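Undergrad: Provided herewith is a single structure, encoded as structure tokens, for subsequent inquiry.
Residue numbers (the working numbering): 1182 to 1568.
Structure below.
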């Protein structure tokens, strides 16, 4: 979607500043959350092979149902060092089962763009993006059998983007024009996944459509290879899956995602890659690939993981095995040698305290082009504090 954070900071020295906005914006766009939360999320990922950037996020999620002791008032705030997103929702208005929300956000590095081709990160064609947005939402909520929640959502999100050269951007590179982008989203979601690193139980079935209109479409890029963004782009995607707790503190997770954006551009296409879970509301994870390395017009993606005690009887140390597979139709000029992309990963999860969780992970991308062959190696670390 236009303006979503495409982190991959173009300079390692600016990591702690530039990573601040990835997960935060995605979490801030979730559905109405009826649970009190005060979570600090930190994540970082970097390549063990190849020239990919170090990627990550730092943000604090603060969710308060019954805000100001009002039964039908909900407040969600996502704070990062250089970004803020907030939404205030009035439930039960104009009638029971309906809700209206108003919010906004803005800051630095929220709309960064990192260019990849043939498994290489092109810093000379990557740049920073800053901006602000206003959010107006309408929710329609009800339950099946008084248990399983269904939520319809209509969201209007005008935003203004300002682009700036990064430290590696080529001097002759022409930046996209600063512009107003009018975005909307309509969707239906059954269930949902809590914004936590390791939820034990969840189920979701959702369908979404998102059009975006970019006012300025002046060409950008290197001389002789200029690209012109499209005025109107449209994306449709669906996700289905769940998380289930099994015997002996074992947990299994399976999700399938499919998406299409037949008439799109590099600034608006689907982006797959990385093992960072909070980089967007619908992260398209591929272990062993750079963050947002894959530009897709159409795709389907399967993500499976199995989480179990590292040795019998322990609850503090657990191992999670991950397997991903995507089938991709690439955006023009961003083709990779193979259309089927396989990734696997292994994570050691450690409960340092009841309220602190640490994850140390490794991912391998079988079909990620690296140098003269294939095989992407990525390492990541995640930590969650629940206050």
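Note that CB positions come from ideal geometry on N, CA and C, so glycine has one too. Note that the structure is predicted; figures quoted are calculated from it, not measured.
(1) Looking at residue 1389: is its Cβ nearer than 9 Å to the Cβ of residue 1346?
(2) Do residue 1213 and residue 1272 have their CB atoms nearer than 9 Å?
(3) Have a look at 1478, 1338, 1528, 1314 and flag the residue whose alpha-carbon is nearest the alpha-carbon of residue 1418.
(4) Helix, strand or coil: which one does DSSP assign to residue 1568?
(5) I'd like to check one pair, residue 1227 with residue 1234: are the Cβ atoms closer than 9 Å?
(6) Contact defined as beta carbons within less than 8 Å: I believe residue 1521 pairs with residue 1548. What is the distance between those atoms, to the nearest angstrom?
(7) What does the alpha-carbon distance come out to for the pair residue 1421 and residue 1313?
(8) To the nearest angstrom, how far is it from the Cα of residue 1391 to the Cα of residue 1279?
(9) Mark residue 1387 as exposed unless 16 or more other C-beta atoms lie within 10 angstroms of its C-beta, in which case mark it buried.
(10) Between 1229, 1340, 1303, which lies nearest to residue 1317 when the distance is taken from Cα to Cα?
(11) Check whether the region 1449 to 1460 and the region 1491 to 1498 are in contact - that is, three or more C-beta pairs closer than 8 Å.
(12) Within 10 angstroms of the Cβ of residue 1554, are there 16 or more other Cβ atoms? Answer buried if so, exposed if not.
(13) Short of 6 Å in beta carbon distance, which residues of its chain neighbour residue 1557, apart from the five on each side in sequence? Order them along the chain.
(14) Whose C-alpha, out of 1231, 1315, 1275, is nearest the C-alpha of residue 1265?
(15) Going by C-alpha distance, which of 1353, 1371, 1349, 1287 is nearest residue 1321?
(16) Please classify residue 1275 as buried or exposed, where buried requires at least 16 other C-beta atoms within 10 Å of its C-beta.
(17) Taking all protein chains shown into account, do 16 or more other C-beta atoms lie within 10 angstroms of the C-beta of residue 1431, making it buried, or fewer, making it exposed?
(18) Residue 1465 and residue 1438 look like a contact to me (Cβ under 8 Å); what is the Cβ gap, rounded to whole Å?
(19) How many angstroms separate the CA atom of residue 1445 from the CA atom of residue 1361?
(20) Residues in the same chain with beta-carbon distance under 6 Å from residue 1490, minus the five sequence neighbours each way, listed in chain order, please.
(21) Counting only beta-carbon atoms, is residue 1407 nearer than 9 Å to chain B?
(22) Are there 16 or more other CB atoms within 10 angstroms of the CB of residue 1215, so buried, or fewer, so exposed?
(23) Indicate whether the contact test is met: 3 or more Cβ pairs, each with one atom in the region 1328 to 1339 and one in the region 1365 to 1381, closer than 8 Å.
(24) Residue 1257 and residue 1268 look like a contact to me (Cβ under 8 Å); what is the Cβ gap, rounded to whole Å?
(25) Residue 1454 lies in the beta strand (DSSP E); which residues open and close that run?
(26) Once DSSP output is grouped into helix, strand and coil, what is the label at residue 1314?
(27) Output yes or no for whether 9 Å exceeds the beta carbon distance between residue 1563 and residue 1540.
(28) Mark residue 1395 as exposed unless 16 or more other C-beta atoms lie within 10 angstroms of its C-beta, in which case mark it buried.
(29) So for residue 1250, helix, strand or coil by DSSP?
(30) Closest by CA to residue 1304, which one among 1324, 1349, 1379, 1529?
(31) Give the list of continuous beta strand (DSSP E) stretches no shorter than 3 residues that lie fully inside the region 1215 to 1243.
(32) Going by the CB atoms, is the gap between residue 1484 and residue 1451 shorter than 9 Å?
(33) Measure from the alpha carbon of residue 1511 to the alpha carbon of each residue in 1259, 1298, 1363, 1352, then state which is nearest.
(34) For residue 1507, count neighbouring Cβ atoms within 10 angstroms of its own Cβ and tell me buried if that reaches 16, exposed if not.
(35) Would residue 1236 pass as a contact of residue 1413 if the rule is Cβ separation under 9 Å?
(36) For residue 1319, I'd like the list of residues in its chain whose CB is within less than 7 Å of its CB, leaving aside the five on either flank, ordered along the chain.
TA: Looking at the coordinates:
(1) no
(2) yes
(3) 1478
(4) coil
(5) yes
(6) 7 Å
(7) 31 Å
(8) 21 Å
(9) buried
(10) 1340
(11) no
(12) exposed
(13) 1469, 1470, 1546, 1549, 1551
(14) 1315
(15) 1371
(16) exposed
(17) exposed
(18) 7 Å
(19) 17 Å
(20) 1430, 1499
(21) Here chain B cannot be found, since the structure has a single protein chain.
(22) exposed
(23) yes
(24) 5 Å
(25) Taken as a continuous stretch (DSSP letters only), residue 1454 belongs to no beta strand (DSSP E), as it is neither H nor E.
(26) strand
(27) yes
(28) buried
(29) helix
(30) 1349
(31) 1218 to 1228
(32) no
(33) 1298
(34) buried
(35) no
(36) 1281, 1335
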